[in-house]
Amino acid sequence: MEGIRRIGWTVSQHKVLSICMVLISIIVLSGLLAPLIAPNDPNFVDLMHKLEGPSKQFPLGTDQLGRCLLSRLLYGTRVSLSLALLIVTSCLVIGTIIGCFAGYIGGKVDGLVMRICDAILAIPSLILAISLIAIWGAGWKQMAVALIIVQSVYYARFIRGLVKNIKQQTYITAAKIAGTSTLRLMTRHIIPNLLPPLFIVVTLEIGWVIMDISALSFIGLGVQSPTPEWGAMINEGKSFLRSHPRLMIVPGVMIFCMVAILNLLGEALSERKGLSRLLPKWAKEAKGS
Amino acid sequence: MLVVDHVTKKYGTSSWFHRNKPAKSALSDVSFTVEPGTCMGILGESGAGKSTLGKIILGLLPPDSGSVRFEGVDLYRSDRHTRKKIRRNLQVVFQDCYSAVNPRMTVRQIIAEPLRNFERLSAQQERSIIVELLETVGLAAEHLDKNPRQMSGGQLQRVNIARAIALNPKLIVLDEPLSSLDMIVQKQILQHLNELKDSKGLSYLFISHDVMAVNNLSDRVAVLDKGMIVESMEANAMFECSHPSSQRIIHAIHEANRLGP
Ligand SMILES: Nc1ncnc2c1ncn2[C@@H]1O[C@H](COP(=O)(O)OP(=O)(O)OP(=O)(O)O)[C@@H](O)[C@H]1O
Ligand SMILES: [Mg+2]
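Note that the protein sequences, when read in sequence, are chains A and B.
Note that this note's numbering has the first sequence beginning at 48, numbered continuously upward.
Note that this note's numbering has the second sequence beginning at -12, numbered continuously upward.
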C-alpha cells in the first residue's frame, strides 16, 4: 500500500516525465514483441488484398502490395529503434574518447582536434551523410557508418566542452592533490559527472537520429525496400498520396510521435536536473558558434 | 621544512588572438620559510595573490621564477618519482567545502581516495581508519554513507580536513577554510586544527583575511599586499605591526570584526 502511494506521488510530481516514460515503454515493447503481437507477416505479399482499408484481419489496412500495414509498422519500430540505438551508442563511445582526450589534455592537441571537428561541422550533417553514402552506395550499413561519422563529431565537441568544465572544478584539484592518477581521475571523477547531462542529450539526439534515418531511407539511401522502416514506408507510399494517404500518414505519425516524445522527455529531464538553461548553451557551443 | 625562495608569478593572457597584453603580476619576489610543527599565517586582502601562492606551494602552478623547496626537494625541478613521494606530505583544505568534493561520491569514498592512492588496505582496515579520522574531526560514523549534499557546510569542511589528514601529511595548506562557515562552527574547526597541530606535529600554511583566526592559529604571520610580502612577524606581535599596508589590513579588518554583529 505504502509502495503504491509512493509511486502515485512520484507520478503526480513528474507528470510529463511519467507520461513520456510510459509512452516510450509502449513503443519499445511493441517493437520488441513485434513477432508476437503483429497480426500478419510484414513481408507477405498478397496482391488480392492490396490497398484495402482497415478490417479485422488488417487493423490498419494494407499497402500497394497487400502487406499488413500494422505489422510493417511494428517491425519498422524495431528497425528504426535498433538502428538509432546502434548509431547513438557508437557516437557516444567515439565522442567520449575523442572529447575526453582533447578536453583533458587541452592546449595544442585540443586546438587541432577541435579545428578538424569545426571543419566537419561546417558542412550540414545530412548533406555530408548523403555524400558519403553516394560514394559507398546505398544501404543501411553505409547509412549507419555515415551517420556515426557525422554525429560523432558533434558528440566529441559537446563532451570536450563538458570535460573542460569539469576539469576546472576544485574537486579535481583536490583529487590530484590526494594523489589520484590521470586514469582514475577520468573514470572516478570526470566520466561519472559527464553522465547526467550526456544522458539527457542522448535522449534528445535519439529523436533526431530517427528523423535522419527516416529521411535517408525516404530518399532511398538508407534501409532498402522490403525491410519495413518508417522512412522507407513513407517513400513506398508516396505514389499513392492522393488515393491512399493512409500509407504515408501512418508511418509519418509514428515518426512524429517518437521524436516528439523523446524531445519532451529530454526537456523534462533537463528541467528536473536543473540543466535546462545550461544544456542549450553547451549544445550551441558544441555546434560551433 | 618549506622554503619559498624569491617566487614571482605573472598571469599572462596568451591566447592565439591577443598575444601582447601586459601580464598581470600576481606575486613578486615572495620568500619565507615554514618550520616543522608551526603555522604560518598569510594575511591579505582579496586579490592580493594568496590563493596563487597556495597553488604554487601545492605544486599546481609553476612559478615564473624562484623556487619552492619542501624537505629539501625542489617541487618544480625534480623528477616525477621524487615529486610523487612528496605528494602525500603536502595536502590542502579549500575554502568552498561543497565544490572541493565530487558531488557523486559518499563521505566514505571521499576520505578513502587518498588512502587508496597510497596504501593497500583491506576493506575492514580502511573503514576503521576512516571512522577514526571522522572522530578526530568531530564527526560520527553515521555520516559515512552520506552524500555531500546531505551534509551541512561545517560537517563537510570537517570531511575535507579528514581527507587532508588521512595520509598523515607534514604540511597542510589551508586556503581560507573557515570563510564559508558561521562563527560557532569556525571556532570549533579552529580548535580541531589547533589540536591536530599539537597531536600530529602538523605544519600549516593558513591563508585567510580573518585577523582573529590567523592570530589564534598561527605562530608567524606574513602580510601580503598586491603580491608582495610587506611585513612578517610573530603572531603575538601582529597588532604592533609597523608597515602602513599591514597596519591598514590588520586594523581595518579588526575594526570591521569588532563593529560587526
Ligand atoms: N587563472 C588566472 N588567470 C589570470 N589571472 C588570475 C588567475 N587567477 C588569479 N588571477 C589574478 O591574480 C590576482 C591574485 O589572485 P588570487 O586568487 O591569488 O587572490 P586571493 O588573494 O586569493 O584573493 P581572495 O581573497 O579573493 O581569494 C588577482 O588579481 C586575480 O585577478
Ligand atoms: Mg583566494
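The C-beta atom is built at its ideal place from N, Cα and C for all residues, glycine as well.
Here the structure is a predicted model, which is why all the values come from computation and not from measurement.
| Asked | Found |
| --- | --- |
| Relative to the C-alpha of glutamate 182 of chain B, which candidate in B:Ser205, B:Thr93, B:Phe105 and B:Leu154 has its C-alpha closest? | B:Ser205 |
| When you compare each of A:Ala307, A:Glu318, A:Ser77 and A:Gly267 to glutamine 189 of chain A by their alpha carbons, which one comes out closest? | A:Gly267 |
| Check each residue of the region 208 to 232 of chain A: if its Cβ is closer than 9 Å to any Cβ of chain B, include it; give the result in chain order. | Gln216, Thr217, Tyr218, Ile219, Thr220, Ala221, Ala222, Lys223, Ile224, Ala225, Gly226, Thr227, Ser228 and Arg231 |
| Which residues in chain C have a C-beta closer than 7 Å to the C-beta of proline 239 of chain A? List them in chain order. | The chain inventory of the structure shown lacks chain C, comprising the protein chains A and B. |
| Which parts of the region 49 to 106 of chain B are runs of the alpha helix (DSSP H), unbroken and 4 residues or longer, counting only runs that do not cross its ends? | 67 to 74 and 94 to 105 |
| Does the Cβ-Cβ distance between proline 135 of chain B and proline 90 of chain B come in under 8 Å? | yes |
| Apart from the five residues just before and just after alanine 153 of chain B, which ones in its own chain have a Cβ nearer than 7 Å to its Cβ? | Ile98, Pro101, Leu102 and Leu120 |
| Taking glutamate 221 of chain B and arginine 207 of chain B to be in contact with their CB atoms under 8 Å, please state how far apart those CB atoms are, rounded to whole angstroms. | 6 Å |
| Just to confirm the assignment, what range does the alpha helix (DSSP H) spanning isoleucine 302 of chain A have? | 293 to 319 |
| Less than 8 Å separating the beta-carbons of serine 250 of chain B and glutamine 216 of chain A? | Look at the range of chain B in this structure, -12 to 248, and you will see that residue 250 of chain B is not part of it. |
| With a CB to CB cut of under 8 Å and the five nearest residues on each side skipped, what residues in its chain are close to glutamate 283 of chain A? | Asp110, Gln111, Ser272 and Leu294 |
| On the CB-based measure, 16 or more other CB atoms within 10 Å of its CB, does methionine 305 of chain A come out buried or exposed? | buried |
| Work out the CA separation of methionine 92 of chain B and leucine 159 of chain A for me, nearest whole Å. | 34 Å |
| Is the Cβ of serine 336 of chain A closer than 8 Å to any Cβ of chain B? | Residue placement at serine 336 of chain A cannot be trusted, given a pLDDT of 40 that sits under 50; the coordinates are not used to answer. |
| If distances are taken between C-alpha atoms only, which option among A:Ile144, A:Tyr151, A:Leu194 and A:Ala191 comes closest to lysine 214 of chain A? | A:Tyr151 |
| What do you get for lysine 72 of chain B, buried or exposed, if any count of 16 or more other CB atoms within 10 angstroms of its CB means buried? | exposed |
| So, using beta-carbon positions, are histidine 72 of chain A and threonine 124 of chain A closer together than 8 Å? | Looking at the sequence shown, residue 72 of chain A is not histidine but serine. It is not a contact, given that the beta carbons lie outside the stated cut-off. |
| For the region 109 to 175 of chain A, which segments carrying the alpha helix (DSSP H) assignment without a break, of at least 4 residues, lie completely within its bounds, in sequence order? | 116 to 152 and 154 to 168 |
| So, at 8 Å on beta carbons, what are the nonlocal neighbours of isoleucine 237 of chain A in its own chain, with the 5 sequence-adjacent residues on each side left out? | Cys147, Tyr151, Val210, Ile213, Lys214 and Ile219 |
| I need the DSSP call for threonine 25 of chain B, collapsed to helix, strand or coil. | coil |
| What is the rounded straight-line gap between the Cα of glycine 31 of chain B and the Cα of histidine 196 of chain B? | 6 Å |
| How about valine 118 of chain B and proline 50 of chain B: are their beta carbons less than 8 Å apart? | no |
| So leucine 309 of chain A and leucine 251 of chain A are in contact, right, with Cβ under 8 Å, and what is the actual spacing, rounded? | 7 Å |
| CB phenylalanine 265 of chain A to CB glycine 278 of chain A, shorter than 8 Å? | yes |
| What three-state label does DSSP hand glutamate 221 of chain B in the structure shown? | strand |
| For glycine -1 of chain B, which option in B:Gly36, B:Ser12 and B:Gln137 has the closest C-alpha, if you only look at C-alpha atoms? | B:Ser12 |
| At the level of alpha carbons, what is the spacing between leucine 14 of chain B and alanine 35 of chain B? | 8 Å |
| Confirm the yes/no value for this check: CB of serine 33 of chain B, any heavy atom of ligand 1, distance under 7 Å. | yes |
| Taking 7 Å as the cut-off, is the beta-carbon of glutamate 100 of chain B closer than that to any non-hydrogen atom of ligand 2? | no |
| According to a CB-to-CB cut-off of less than 8 Å, which residues of the region 50 to 84 of chain B neighbour chain A? | Lys71, Arg74, Arg75, Leu77, Gln78, Val79, Phe81 and Asp83 |
| Does ligand 1 have even one heavy atom less than 7 Å from the beta-carbon of lysine 37 of chain B? | yes |
| Going along the chain, which residues of its own chain have a beta-carbon closer than 6 Å to the beta-carbon of leucine 121 of chain A, five neighbours each way excluded? | Ser77, Ala81 and Ala85 |
| If contact is defined by three or more beta carbon pairs under 8 Å, each pair taking one atom from either stretch, is the region 52 to 59 of chain B in contact with the region 122 to 141 of chain B? | no |
| Considering only residues of the same chain and omitting the five flanking positions on each side of alanine 191 of chain A, which have a CB-CB separation below 7 Å? | Leu130, Leu133 and Ile134 |
| Relative to the C-alpha of lysine 320 of chain A, which residue among A:Gly55, A:Cys164, A:Leu64 and A:Arg52 is closest? | A:Leu64 |
| Short of 8 Å in beta carbon distance, which residues of its chain neighbour serine 167 of chain B, apart from the five on each side in sequence? Order them along the chain. | Gln82, Asp83, Cys84, Gly140 and Gln144 |
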